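Each remark here refers to the structure printed beneath this line.
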Amino acid sequence: MNAPRRAPARGGSALARVATALRPVGALMLFAVVIGIVLALVLLTLGASPVAVFADLWRGAFGDWLAFTDTLVKSTPLIFTGLAVAVAFQGALWNIGAEGQLLIGALAAGAIGPALGGWPHGAAIVAMIAAGACGGALWGAIAGGLRARRDVNEVISTIMLNFVAAQILSFAVHGPLMEASGAFPASPPIAAAATFGVYLAPSRLNLGMLLAGGLAVACYLGLFHTAAGFQLRAIGRNRRASAFFGLPIARMTIGTLALAGAIAGVGGAVQVSAITHRLYETLSPGWGYEAIAVALVARLNPLAIVPAAVLFGALDNGSQAMQRAAGVSPELVYVIQALVILTLLAFDASATGALRAAILGAPAAGPDDDVPPPAALPSSASLATRDA
Amino acid sequence: MLEAFLSSAVAMAAPILLAALGELIVEQGGVVNIGIEGAMLCGAFFGLTATWLSGSLALGLAAAIGAAVALNALFALVVVNLAVNQVVAGTAIDMLALGLTGICYRRIFGVTGRALTITPMRPLALGPLARIPIVGPALFDQNALVYLAFALVPMVGALIWRTRFGLELRAAGERPEAADALGLGVYRLRWQALLMAGVLSGLAGAYLTLAYANTFVEGMSAGRGYVALSVVIVGRWRAWGVAAAALLFGAAMALQFGLQAFGTAVPYQLFLALPYALTIVMLAMVGGQAQAPSALGEPYARL
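Chains as they are written, first to last, in the numbering used here: chain A, 17 to 404; chain B, 50 to 352.
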């Protein structure tokens, strides 16, 4: 993965070549052992048998019609945030900020929602989605502008913007947007015209899933079948070369992060329109962070984001059921997400990076050579990139 | 008032400084460790738990260091030996720490939380120095970890710029291919840096529970690890710069409590957001990353 820099190959005997080829294999085996130990310790701490844990997970996620539809409902925000991460990662812009972008999008939609009472249904829905997109785009564009104009690393700025967004939402529902009659810090409910209809009641299936799927197709076409998408991926592969070719790096950086923010923001608006109908502090259980795992499992392919999001939605849904039934910590989901990300990274690296090069005897690439396309992640390292 | 503010600022700066000094060492070797937040959280939880179980602060500190070092070793295995993307791996390490500490917390202390407090580290007043007006309590009436944090500033600076190890480490951070061609062992250097950083972020985490809050709350590192990452950038990858930046952020956090205690009409969320907003503003002000090690964040695979 990630087309690492490689040291100049040293000439040597066949034996030495075999030894170097085996080194990453050893590291990979050690990694597998460590992950196994972590999992075993976690299950031991939970005091549960692995078989029972996964049986409960499965039942909670797909056990019956309601569980299944709820899995789809819970994966909807993950499609939006997963797309927000994948689109930015394609351009080697490490957007860790889908969480904040979703929250600001939800805030914008939840703020105008109660005032849409007299609107026609369709117009109110469009207004909600537009508000979410604008809010999220603004939040993404801040990070993009800082990266493009002040060379501020977007990893840190997006993380910080997540914290700021959470506090802004908290302030809004405790203060200006708090329902006058309410006992809890929450905004008044949005107008009926601005809520998504529910299909196949008593399930909570709604328009959001279709919208998310449509957006995934649009992102796919945009990334792989337009000039702008090509430019973005070129910048992701090699920012410096793209600058030499005259690509508008600064504009693409701001535009991409704004677009990613808009996608996540729409996810926030959809959640308010379809599920919560009002704003409260703990709106997102961490969809913006979970989205990183979703995007990696999908190998940054927007079409694959949909099944990947359903996989993680099932994990969320199943673990909530498991928590109700067996009192298992909901934090188990974080551990599983983390292990999935690390495992994917590790095996990807050994399949395409050092290991393959060692076995196939690929010529070692110098740091500035154009390396073959990486498997999942673009190769531009963001942290020391100097724009030409 | 001013005396209390300064004292609080130094106390708030100490954990950030400890973590940031560790991150400075790691970044000089060309690795960026987002997982520092997770290492702090592990240090905080396991430090507190060990102290609670054993009644010994020393054992607590040892457990905090052990947990953070173990987490950094896992990070080193994937980013050094398997040469994967450091940002994404670091984010996963943070999630792993959040999950592990959460699970263990519920398992050991239950959902309601049994009375989970310990006797915290006491401030050590340095005789008459502590009675100097205004700055006395801030500088000379703090707990041992605060003194350690500031004593480590020149030591880490010397380690990086005055020792053979530091020279080799910086070579690994600037031109890993060249360093490897010279036989310096980039993998070994980066491993050593990450293990040292594990010690420091473990202490930083232990500070939060053993010297500051005296209890544990899930996710209590609350972004301090990320602030430490920013402190390294704002401090221009220099030990004294890092110390100055950490003090600035400590002051912002102390201001937050000072103003809240003052009972101003300003909403508290604004103060809670202040350190994060300040981070963004500071990064925008210092701008570019021209002083960062050249190979920072780039995976490097040796063949």
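All C-beta atoms in this analysis are idealised placements derived from N, C-alpha and C, irrespective of residue type, glycine included. Given the structure is predicted, the values throughout are model-derived calculations rather than measurements.
| Query | Result |
| --- | --- |
| Checking contacts by CB at 8 angstroms: is B:Ile65 closer than that to chain A? | no |
| Using 8 angstroms as the limit for Cβ to Cβ distance, is B:Leu145 near chain A? | yes |
| Compare the Cα-Cα distances from B:Gly192 to each of B:Pro169, B:Ala326, B:Thr212 and report the closest residue. | One point to set straight first is that residue 192 of chain B is Asn, not Gly, in the sequence displayed. For B:Asn192, the nearest C-alpha among the options comes from B:Pro169. |
| So, under 8 angstroms CB-CB, B:Leu259 and B:Gly148 are touching, yes? Tell me the CB distance rounded to an integer number of Å. | Not really, about 23 angstroms apart at Cβ, beyond 8 angstroms. |
| Give the residues of chain B in contact with A:Gln353, contact being defined as C-beta atoms less than 7 angstroms apart. | Met144 |
| Please report whether the beta-carbon of B:Gly71 lies at a distance below 8 angstroms from any beta-carbon of chain A. | no |
| Is A:Ser65 buried or exposed, if buried means 16 or more other CB atoms sit within 10 Å of its CB? | exposed |
| Please classify B:Ser343: is it buried, with 16 or more other beta-carbons within 10 angstroms of its beta-carbon, or exposed? | exposed |
| Taking A:Ser219 as the query, report the chain B residues whose CB atoms sit under 7 angstroms from its CB, ordered along the chain. | Ordered by position in chain B, no residue passes the 7 angstroms Cβ test against A:Ser219, which lies about 30 angstroms from the chain. |
| Which residue marks the beginning of the alpha helix (DSSP H) containing A:Gly229, and which one marks its end? | 223-241 |
| Report all residues from its chain with a CB closer than 6 angstroms to the CB of B:Arg285; omit the five preceding and five following residues, and keep chain order. | Gln340 |
| Quick check: what's the CA-CA separation for A:Ile111 versus A:Gly304? | The sequence shown places Asn at residue 111 of chain A, not Ile. Going from the Cα of A:Asn111 to the Cα of A:Gly304 covers about 10 angstroms. |
| Contact defined as beta carbons within less than 8 angstroms: I believe B:Leu90 pairs with B:Ser270. What is the distance between those atoms, to the nearest angstrom? | 4 angstroms |
| For B:Leu97, which residues in the same chain have their Cβ closer than 6 angstroms to its Cβ, ignoring the five residues on either side in sequence? | Thr258, Phe265 |
| Along the region 263-291 of chain B, where does the CB come closer than 9 angstroms to a CB of chain A? Name the residues. | Glu267, Ala271, Gly272, Tyr275, Val276, Leu278, Ser279, Ile282 |
| To the nearest whole angstrom, what separates the beta carbons of A:Ala199 and A:Val189, a pair I think is in contact under 8 angstroms? | Incorrect: roughly 13 angstroms between the Cβ atoms, too far for contact. |
| For B:Asn121 and chain A, any beta-carbon pair shorter than 8 angstroms? | no |
| Excluding the 5 residues preceding and the 5 following A:Leu221 in the sequence, name in chain order all residues of the same chain whose CB lies nearer than 8 angstroms to its CB. | Thr85, Leu88, Val89, Val214, Tyr215 |
| Please check the pair A:Ile120 and A:Gly151, which I expect to be a contact at CB under 8 angstroms, by giving their CB distance rounded to whole angstroms. | 4 angstroms |
| Can you give the beta carbon distance from B:Val283 to B:Val335, rounded, assuming they're within the 8 angstroms contact cut? | 5 angstroms |
| Do the region 284-299 of chain B and the region 61-79 of chain B make contact, defined as three or more Cβ pairs closer than 8 angstroms? | yes |
| Using a beta-carbon distance cut-off of less than 7 angstroms, what residues from the region 148-161 of chain B approach chain A? | Gly148, Leu149, Gly151, Ile152, Cys153, Arg155, Arg156 |
| Based on DSSP bridge pairs, tell me the residues matched to A:Ala214. | It should be pointed out that residue 214 of chain A corresponds to Val in this sequence rather than to Ala. According to DSSP, which records beta bridges pairwise, A:Val214 is partnered with A:Asn222. |
| Tell me the DSSP secondary structure of A:Ala404 in three-state form. | For A:Ala404, the pLDDT reaches just 30, beneath the cut-off of 50, and the residue's location in the model is therefore unreliable, although a value from the coordinates is still provided. Reduced to three states, the DSSP call for A:Ala404 is coil. |
| In terms of alpha-carbon separation, which member of A:Ala43, A:Ala234, A:Ala330, A:Gly283 lies closest to B:Leu123? | A:Ala43 |
| With which residues is B:Gln191 paired in a DSSP beta bridge? | B:Leu173 |
| What residues in the region 100-128 of chain B have a beta carbon less than 8 angstroms from any beta carbon of chain A? | Leu123, Leu126, Val127 |
| Quick check on B:Val137 - is its C-beta less than 8 angstroms from some C-beta in chain A? | yes |
| Is A:Ser203 close to chain B, meaning its C-beta is less than 8 angstroms from at least one C-beta of that chain? | no |
| Give me, in chain order, the residues of the same chain whose beta-carbon lies closer than 6 angstroms to that of A:Val351; leave out the 5 immediate sequence neighbours on both sides. | Val58 |
| Going by DSSP, what residues sit across from A:Ala202 in a beta bridge? | A:Tyr296 |
| What residues of chain A sit near B:Gln77, judged by a beta carbon separation below 9 angstroms? | The premise fails here: B:Gln77 is roughly 12 angstroms from chain A at the closest Cβ pair, so nothing lies under 9 angstroms. |
| I want to know whether the region 91-105 of chain A touches the region 319-336 of chain A - three or more CB-CB distances under 8 angstroms. | yes |
| What is the rounded straight-line gap between the Cα of A:Ala257 and the Cα of B:Val248? | 40 angstroms |
| Examine chain B for any beta-carbon lying closer than 8 angstroms to the beta-carbon of A:Gly283, and answer yes or no. | no |
| Please decide whether B:Thr328 counts as near chain A, where near means a Cβ-Cβ distance under 8 angstroms. | yes |
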